[in-house]
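J.: Residue numbers (our numbering): 5 to 373.
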């Protein structure tokens, strides 16, 4: 029996779990298996991503760029063994490493996925992306901001680039009502838990949050507990800053967590203080859980959060804005309830997992027919 499914090789930069990796895992798990076979390869070793992919019963390959001399032959073997029809890259390094090889090996279609916007500030990445542009059939960005920058700085024609918003599962089965987390908004709280889910690296703004804690009066600090969930990619610099500012006792560094649901369920407010973003999955997960959110007005986040409608938007690098927004949500029960309700509803309407999967499947069929 002839297998007429399309075989897709996803090539991604890392094997840690961040936003891009979560999106890829969702896509790999939920794409229609009657139409598509999925193979995943990482440029950077066997990490948590490898374990997740293998738990889904899908092939995973460690391409390990440190073994550069044999890299082309290993890619060739994967493409040949799995009869790959589409190579989809995730990130600038993956695009550089896999695009030319895919075309030399006569892969029918190459798609490049742009997950963030800070790569547009890297002249080296921009140079090579422009060189590879004629070899790429289509680009995907996760935000309108990303699309605008790709057209402006890479010279991509609008018809060759699509925006597909990241989708998340609804917290509540049946998608009919807001989750239990909403009920917390109606309580008079003695202690508030402020949750941030983001790997600890400068662009995510943990330093700004620590400065905001330092600005708060002691009476407010004593009523708040901050929780940072995410792998430490700062070599301990964030923890050191917390100690130096004298605010370490107000912060729980929880590290990387495979399952963030318990943290979402115990939180009262979600805070993301990034300096640059695409469409952060952690923000969508928080809104889907019915948490009132505070986010910086950068990248694709204004496409998710409407200020004072389904969340609060603040300036980046502004500790005082963080402190004031937290104080307002602590004292304004009515606003917390409104933001919680509408956050959940907007997630269902615009950022559902089913909607995302449908758009990817349609794109594969249209672009790579």
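Every residue gets a Cβ at the ideal spot worked out from N, C-alpha and C, and that includes glycine. The structure presented is a predicted model; accordingly, all values stated were derived computationally and were not measured.
#1: Are the CB atoms of residue 344 and residue 296 nearer to each other than 7 Å?
#2: Alpha carbon to alpha carbon, how far is residue 50 from residue 201? Give it in angstroms, no decimals.
#3: Indicate whether the contact test is met: 3 or more Cβ pairs, each with one atom in the segment 331-349 and one in the segment 285-301, closer than 8 Å.
#4: Could you spell out where the alpha helix (DSSP H) holding residue 341 opens and where it closes?
#5: For the 8 Å Cβ check, are there 3 or more pairs between the segment 133-143 and the segment 249-264?
#6: Would you kindly report the start and end of the unbroken alpha helix (DSSP H) that includes residue 23?
#7: On the three-state DSSP scale, how would you describe residue 269?
#8: With distance defined between alpha-carbon atoms, name the residue in 113, 154, 109, 147 nearest to residue 3.
#9: Three-state secondary structure (DSSP) at residue 65?
#10: So does the segment 10-24 actually touch the segment 98-109, counting three or more Cβ pairs closer than 8 Å?
#11: May I ask you to report which of helix, strand or coil DSSP gives residue 236?
#12: Could you give the residue range of the beta strand (DSSP E) that holds residue 114?
#13: Express the C-alpha separation of residue 39 and residue 339 in angstroms, rounding to a whole number.
#14: Give every residue of the same chain whose Cβ lies closer than 7 Å to the Cβ of residue 24, excluding the five residues on either side of it in the sequence, and list them in chain order.
#15: Indicate whether residue 61 and residue 11 have their beta-carbon atoms separated by less than 7 Å.
#16: Would you say residue 203 and residue 315 are within 7 Å of each other, going by their C-beta atoms?
T.: According to the data block:
#1: Numbered from its first residue, the chain shown carries residue 344 at position 340. Numbered from its first residue, the chain shown carries residue 296 at position 292. Yes. Within cutoff.
#2: Numbered from its first residue, the chain shown carries residue 201 at position 197. Numbered from its first residue, the chain shown carries residue 50 at position 46. Approximately 23 Å, taken between the alpha carbons.
#3: yes
#4: Counting from one through the chain shown, the residue named residue 341 turns up at place 337. Its alpha helix (DSSP H) spans residues 337-354.
#5: no
#6: Within the chain shown, numbered from 1, the residue matching residue 23 stands at position 19. 23-34 is the extent of the alpha helix (DSSP H) around residue 23.
#7: Walking along the chain shown from the start, residue 269 turns up at place 265. Three-state DSSP puts residue 269 in a helix.
#8: As shown, the chain starts at 5 and ends at 373. That puts residue 3 outside it, with no answer to give.
#9: Looking up residue 65 in the chain shown gives position 61. DSSP places residue 65 in strand when its eight states are reduced to three.
#10: yes
#11: Counted from its first residue, the chain shown places residue 236 at position 232. Here residue 236 sits in strand by DSSP.
#12: By one-based count along the chain shown, residue 114 stands at place 110. First-last of the beta strand (DSSP E) with residue 114: 113-118.
#13: Here residue 339 is taken as the residue at index 335 of the chain shown, counted from 1. Here residue 39 is taken as the residue at index 35 of the chain shown, counted from 1. Cα-Cα distance, rounded: 45 Å.
#14: Position 20 of the chain shown holds residue 24. Cβ neighbours of residue 24 beyond the five flanking positions: 16, 94, 95, 119.
#15: Taking the chain shown and counting its residues from 1, the one referred to as residue 61 is at position 57. Taking the chain shown and counting its residues from 1, the one referred to as residue 11 is at position 7. Taking 7 Å as the Cβ cut-off, residue 61 and residue 11 do not qualify as a contacting pair.
#16: Along the chain shown, read from residue 1 onward, the residue named residue 203 stands at position 199. Along the chain shown, read from residue 1 onward, the residue named residue 315 stands at position 311. No; because the gap between Cβ atoms is not below 7 Å, this pair is not in contact.
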